[in-house]
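A.B. asks:
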Amino acid sequence: MREFNFIQPKSVDEVLELLNIYGSKAKVVAGGTDLIVELRKDEGPKDLEVVINIAHLDDLNYIKDDGEWVRIGAATPHAKVVKSGLIQKEIPALAYAANSVGSPQIRNRGTIGGNIMNASPAADTVPVLVALDAVLTFRSVSGKRRVPITDIYVKPYKTNVPPEELLVEVSFKKLPATASSAFIKLGRRNALAISRMNVAVILDRDAEGVIKDIRIAPGSTTPVPSRIKCAEEVLLGKKPTDELIELAGSKVSEEMIRISGYRWSTEYKKPVIEALTRRGIRKALGGQQ
Numbered sequence: 001m002r003e004f005n006f007i008q009p010k011s012v013d014e015v016l017e018l019l020n021i022y023g024s025k026a027k028v029v030a031g032g033t034d035l036i037v038e039l040r041k042d043e044g045p046k047d048l049e050v051v052i053n054i055a056h057l058d059d060l061n062y063i064k065d066d067g068e069w070v071r072i073g074a075a076t077p078h079a080k081v082v083k084s085g086l087i088q089k090e091i092p093a094l095a096y097a098a099n100s101v102g103s104p105q106i107r108n109r110g111t112i113g114g115n116i117m118n119a120s121p122a123a124d125t126v127p128v129l130v131a132l133d134a135v136l137t138f139r140s141v142s143g144k145r146r147v148p149i150t151d152i153y154v155k156p157y158k159t160n161v162p163p164e165e166l167l168v169e170v171s172f173k174k175l176p177a178t179a180s181s182a183f184i185k186l187g188r189r190n191a192l193a194i195s196r197m198n199v200a201v202i203l204d205r206d207a208e209g210v211i212k213d214i215r216i217a218p219g220s221t222t223p224v225p226s227r228i229k230c231a232e233e234v235l236l237g238k239k240p241t242d243e244l245i246e247l248a249g250s251k252v253s254e255e256m257i258r259i260s261g262y263r264w265s266t267e268y269k270k271p272v273i274e275a276l277t278r279r280g281i282r283k284a285l286g287g288q289q
């Protein structure tokens, strides 16, 4: 394992100063669950000089009700998201996704910010945040900026976030009281499953049962996370039927192939993501999966 300095700053401002000094030679950790594995395998940043621990900073560990918005600090552990009454009320799919991350030990240490910034296609919370049109807040010594979550991803395990910036918050607008959500995951094992594929669905219907808003965001299917608009359009403005739900699932797999190409795994992934999408839609509708 390589040698590096481990720094535990006393404030967010101190973190920003360190990032400004060290840039790409610094690595920020809260849970550190991925970095520890990388270092043990002698992987990770080759020019690493300092690891900056932010796990103890209360300014980055919170879940707040801010009127029309829900705000979550970047260093908030998955376990805290799972137990949050606010999250369970406003977006239960996010609580379910956070609860599906790794083992209890990983959920206690790993954070929502780490799940976002690791840029793994298999991240469980990211599809739900994409479906929520979540906004990320970054800070540096130069100031603050807010960007849609989908804007930071370049390819698997790579973002376009400058090394001197720190993710401080993820936020999203509350859903209408009539809206519902679902998260469906297929993993290799129950306790420590890394998603092979997953999907988040958010939808809202009017008094006649017509879908007036729907968002479908699969995970582990494309290089970078995104909503599948062509699948959403199948159901938008219509009353859901089995035929339309089947078609929406097919649209997701078609988009997966269009973006990622036809690979050896496509024969497996195509029917699976179609089935997961159908299950997600039906769960969000409150019916049988």
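So the sequence shown is numbered by full-length UniProt numbering: it starts at 1 and just counts up by one. For glycine and all other residues, C-beta sits at the position ideal for the given N, C-alpha and C.
(1) In chain order, what are the residue ranges of uninterrupted beta strand (DSSP E) at least 3 long that sit wholly in the segment 204-230?
(2) Let me make sure I understand the geometry here. Which of Lys173, Thr277, Lys238, Leu203 has the alpha-carbon closest to that of Trp69?
(3) Please return the same chain residues whose Cβ sits closer than 8 Å to the Cβ of Pro148, not counting the five positions on each side in sequence.
(4) Give the list of continuous alpha helix (DSSP H) stretches no shorter than 4 residues that lie fully inside the segment 92-154.
(5) From Pro225, Asp242, Lys239, Thr241, pick the residue whose C-alpha is nearest to that of Val154; which is it?
(6) Among Glu274, Lys25, Ala30, Ser24, which one has its Cα closest to the Cα of Leu186?
(7) Please report the Cβ distance between Val199 and Ala217, rounded to the nearest whole angstrom; I am assuming they are in contact, meaning their Cβ atoms lie under 8 Å.
(8) My output table needs one value for Ser250: the three-state DSSP class, helix, strand or coil.
(9) Given this structure, state the Cα-to-Cα distance separating Gly73 from Ile116, to the nearest angstrom.
(10) Grab the span of the beta strand (DSSP E) containing Ala26 for me, first residue to last.
(11) Out of curiosity, what's the CA-to-CA distance linking Arg282 and Ser253?
(12) For Phe4, which of Asn20, Leu19, Lys27, Val272 has the nearest alpha-carbon?
(13) Comparing alpha-carbon positions, which option in Ala284, Met197, Val130, Ser171 lies nearest Asp151?
(14) Any contact of the segment 14-22 with the segment 165-172, i.e. 3+ C-beta pairs under 8 Å?
(15) Quick one, which of Asp58, Ser24, Gly67 has its alpha-carbon nearest Lys46's?
C.D. replies: For this structure:
(1) If we require 3 residues or more, the beta strand (DSSP E) runs fully inside the segment 204-230 come out as 211-219.
(2) Locating residue 69 in the sequence shown gives position 69, where the first residue counts as 1. Of the candidates Lys173, Thr277, Lys238, Leu203, the one whose C-alpha sits nearest the C-alpha of Trp69 is Lys173.
(3) Counting from one through the sequence shown, the residue named residue 148 turns up at place 148. Counting only residues of its own chain and dropping the five nearest sequence neighbours on each side, Pro148 has a CB closer than 8 Å to the CB of Asp133, Ala134, Val135, Leu136.
(4) Runs of the alpha helix (DSSP H) spanning 4 or more residues and lying entirely within the segment 92-154 occur at 92-99, 104-109, 112-117, 125-131, in chain order.
(5) As a first step, residue 154 is located in the sequence shown; it is residue number 154 there, counting from the start. Selected option, being the one with the closest Cα: Pro225.
(6) Indexing the sequence shown from 1 puts residue 186 at position 186. For Leu186, the nearest C-alpha among the options comes from Glu274.
(7) Taking the sequence shown and counting its residues from 1, one reaches residue 199 at position 199. Taking the sequence shown and counting its residues from 1, one reaches residue 217 at position 217. Going by Cβ atoms, the distance from Val199 to Ala217 rounds to 7 Å, so yes, they are a contact pair.
(8) What you label residue 250 is simply residue 250 of the sequence shown in a count that begins at 1. If DSSP states are grouped into helix, strand and coil, Ser250 belongs with the helices.
(9) Walking along the sequence shown from the start, residue 73 turns up at place 73. Walking along the sequence shown from the start, residue 116 turns up at place 116. Going by the C-alpha atoms only, they are around 12 Å apart.
(10) To locate residue 26, count along the sequence shown from 1; it is residue 26. Looking at the DSSP string, the run of the beta strand (DSSP E) that includes Ala26 is 26-29.
(11) Taking the sequence shown and counting its residues from 1, one reaches residue 282 at position 282. Taking the sequence shown and counting its residues from 1, one reaches residue 253 at position 253. Looking at the two C-alpha atoms, the distance is approximately 17 Å.
(12) The residue labelled residue 4 in the question sits at position 4 within the sequence shown. Comparing Cα-Cα distances from Phe4 to each of Asn20, Leu19, Lys27, Val272, the minimum goes to Lys27.
(13) As a position in the sequence shown, residue 151 is number 151, starting the count at 1. Of Ala284, Met197, Val130, Ser171, the residue nearest in Cα terms is Val130.
(14) Contact between the segment 14-22 and the segment 165-172 is established, with three or more Cβ pairs separated by less than 8 Å.
(15) Your numbering for residue 46 matches position 46 in the sequence shown. Closest option to Lys46, Cα to Cα, is Ser24.
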